[in-house]
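Take a look at the structure below.
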Amino acid sequence: GSASPVISPDLPALVVDTGDPILLHCSGESEVAWSSKKNTFSNHTTSTLSIPKATYRNTGTYSCGYVNSSDQGIAAIHVFVRDPSNVWYSPSFRVGVTEGGNVDLPCLITAPEYGSNVILIMDDASPLPPGTNYSFSAEKGIRLYNVQSKHKGYYRCQAQINGKIKNSSRIRLVVEEVVKRPVSVMMDPADHVRIVGEPFKVTCRVISPSHKYVIRWVTAAKTVMRTKKTDFENENYIIDDTLSIAAVTMEDSGKYICIANNSVGFRNASTMLQVVERGYVHLIPGQATSQEVALGESLELQVHIKAYPKLLQWVWEHTNPLKNSKTTIFKSQMISGNNWYNNTLFLNRLKEGEGGFYTFHALNNVTNESVTFSISLKSSPRVCKIKVPANDSSILQCTAVGYPAPRIEWYQCPVHSDRYSEDYRLIWNDSRPQVVNMLPFQEVEVESTILFQELGDNFTFCCVAINGEGNTSDMLHSLTITRSVMVLPNKLFSPVLSTCIGALVLLLLLLLFLLYKYNQKPKYQVRWKIIEACEGNNYIFIDPTQLPYNEKWEFPRNNLQFGKTLGAGAFGKVVEATAFGLGKEDSVLKVAVKMLK
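Sequential numbering from 1 applies to the sequence shown in full-length UniProt numbering.
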């Protein structure tokens, strides 16, 4: 670059008296100009500053430099305008500094000789804050070093001239605290949904420890409106910067980022806007929709819902096709968020009949959705029964019902056994018995078959049905099994004769069976005792004919399927059984049967 300009007169400082003229020339290799535009005129490479009559207010430093900013050379000269009546000149009455920095208080002495004894004082005559460090320069004034917030206030420069005290004008020092914390940025909620044409508004809250901050947005939308509200609380600036769109379009979908920063650093928060053409309800099961639960256990059914607009109604319904029951409505727990919900149905200690379909329905003002859970109750085996098929007396069949499907174990027991024990001899473990019937909600009926001819006559069979929930058993003594007798054919009998004899035998057996059934029909007799009357009491006597026998009181034995023995005594035993058609034709009840010897 060019050499620095030259000022004439070539002096570090110029001292004049009040009323004297000041004439300063500046010249350089290119166009030059004085920093003060007043009282100056230029002629390309020269510029002149002329003050016809100087006053103390003209005291100060005058600088001259090149007009072309690429030439950085500057020349300067300090001018003192001596005025005994005005020892001090302050071109500014307010100065600011950042905490920790240095600052010049512009109290300029008007003559060099006045500055031999200068100090700094507080305007209110109080002592300077502890640790105040300063120096004095005739050209600059008083410089304060490492200014802290405690230094803010009003100051004066004081000079002692010929024993007299001369004070400058009052100067206010403003100390700006250093920002030690970054801004904080908050935006809630995290995402938004709008239908095309709806308005959208989101607010970004910025908390700043100082008034120096910058906030800007990065948006998916091209056209937005912004409004700002500022408060001051607890030594912090709180700014709510709100962005709004009058009517959203599909193109407005995307991310909206609010960015704020101060001298410490940047912070940002963001939100998502999803623009849809129409409202929706989406249901997401919290677990598999098919559940298996043991009786007495508890279950929680959870559904996560995404919906816009907000849900208006939701409900749980329960139906059990096995019981042909009416629909039951349940209450549930609902937790809601921003366009989402979590619903939980608590099923505590499930009982028999509480399996089935549990359906959750949810709707808003646009659409509705539902999701169904199928709940199967795991149960221990029941209705375990040994029988001899009518069409084949050489085998035994054991049937059982339960879920999961039970396996069948056959045991050989001592003759007089009345209950199953694991110590008995295992004949066969049928791990996959034949499935006879699959009842609703996976309650399975199974059947196992075993040949008994080769096992002997004098022992007891025991059939045990087992699954993960429990077991049940039934016993049958071999002596009670009627074996078929195979008769060898005789040549003396013709086919016709054989047919006739067979028919007669069948008729005879039928007659004997009917006679046996008739004799088994329960008899009854009415026993009546006359209650003796006492004085002062009235009694009503009933004719025994008013209490006729009712056949409905009788229950067929073949409608009972016997289970395990519950107890035994000298006169017989009590057996668990399942009664089919007791009271109602389609009813199935567990009963206890007293069997007498």
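Just so it is clear, CB atoms sit at the ideal spot from N, CA and C, and this is done for glycine as well.
Name the DSSP beta bridge partners of residue i, please?
i	result
residue 614	This structure leaves residue 614 out entirely; the chain is present only between 1 and 597.
N236	E233
C258	W217, A269
Y134	L144
T98	E176
S290	S374
P189	Beta-bridge pairing links P189 to no other residue.
Y280	Y308
R82	D17
C462	Y411, M475
A592	E576
S336	Y341
D3	Sequence check: residue 3 is Ala here, not Asp. Looking at the DSSP assignment, A3 forms no beta bridge with any residue, so it has no partner.
R425	Q412
I171	Y155
P285	V303
G470	N467
N348	According to DSSP, which records beta bridges pairwise, N348 is partnered with nothing at all.
Q160	I165
Between the C-alpha atoms of residue i and residue j, what's the straight-line distance to the nearest angstrom?
i	j	result
E576	A400	14 Å
I245	L345	40 Å
I238	F93	32 Å
F330	S370	15 Å
G569	S374	45 Å
P404	Q274	47 Å
E447	Q397	7 Å
H192	N320	40 Å
P489	E585	The pLDDT assigned to P489 is 40, lower than 50, so where the model puts this residue is not dependable, and the model offers no usable value.
C26	S168	32 Å
G100	N133	12 Å
R197	V185	Going by the sequence as given, residue 197 is Gly instead of Arg. Looking at the two C-alpha atoms, the distance is approximately 29 Å.
G65	V183	42 Å
I119	Y155	11 Å
E409	G563	15 Å
I305	Y341	5 Å
G296	P199	52 Å
G355	L509	48 Å
S208	T98	17 Å
E445	A465	11 Å
L507	P414	39 Å
S298	L377	11 Å
I395	C500	30 Å
residue 598	L497	In the structure displayed, the chain extends from 1 to 597; residue 598 sits before or after that span and is not available.
P106	K37	21 Å
W34	S42	9 Å
L173	S149	10 Å
P84	V15	13 Å
Please tell me whether residue i has its Cβ less than 8 Å away from any Cβ of chain C.
i	result
N133	Of the protein chains in the structure, only one exists, and it is not chain C.
Contact check, residue i vs residue j under 8 Å by CB: the rounded distance?
i	j	result
Y358	L283	Y358 to L283, Cβ: 13 Å. No contact.
I22	A75	At roughly 16 Å, the Cβ-Cβ gap does not stay under 8 Å, so I22 and A75 are not in contact.
K594	G572	6 Å
D123	R170	5 Å
K228	D241	5 Å
C462	Y420	5 Å
Would you kindly report the start and end of the unbroken beta strand (DSSP E) that includes residue i?
i	result
T61	60-66
K573	572-580
T359	356-363
residue 683	Residue 683 lies beyond the range of the chain shown here (1 to 597); nothing can be said about it.
H44	Here H44 belongs to no beta strand (DSSP E), and DSSP marks it neither H nor E.
L128	Neither: L128 is in no beta strand (DSSP E) and is coded neither H nor E.
G567	560-569
T328	328-330
L24	22-27
E409	407-413
F200	200-208
V32	32-34
T319	313-319
V103	103-105
M250	Careful: M250 lies outside any beta strand (DSSP E) and carries neither H nor E.
L120	118-122
Answer yes or no: the CB of residue i versus the heavy atoms of the ligand FMN, is any distance below 7 Å?
i	result
F571	Inclusion of the ligand FMN in the displayed structure is not the case, the ligand content being empty and no account of it being possible.
**Request:** Inspect the CB distances between the stretch 259-276 and the stretch 289-297 and report whether three or more fall short of 8 Å.
**Result:** no
**Asked** Does the pairing of the stretch 418-430 with the stretch 347-367 give three or more beta-carbon distances under 8 Å?
**Response** no
**Meets three-Cβ-pair contact criterion under 8 Å: the stretch 44-61 and the stretch 72-88** = yes
**Message:** I want to know whether the stretch 332-339 touches the stretch 304-316 - three or more CB-CB distances under 8 Å.
**Reply:** yes
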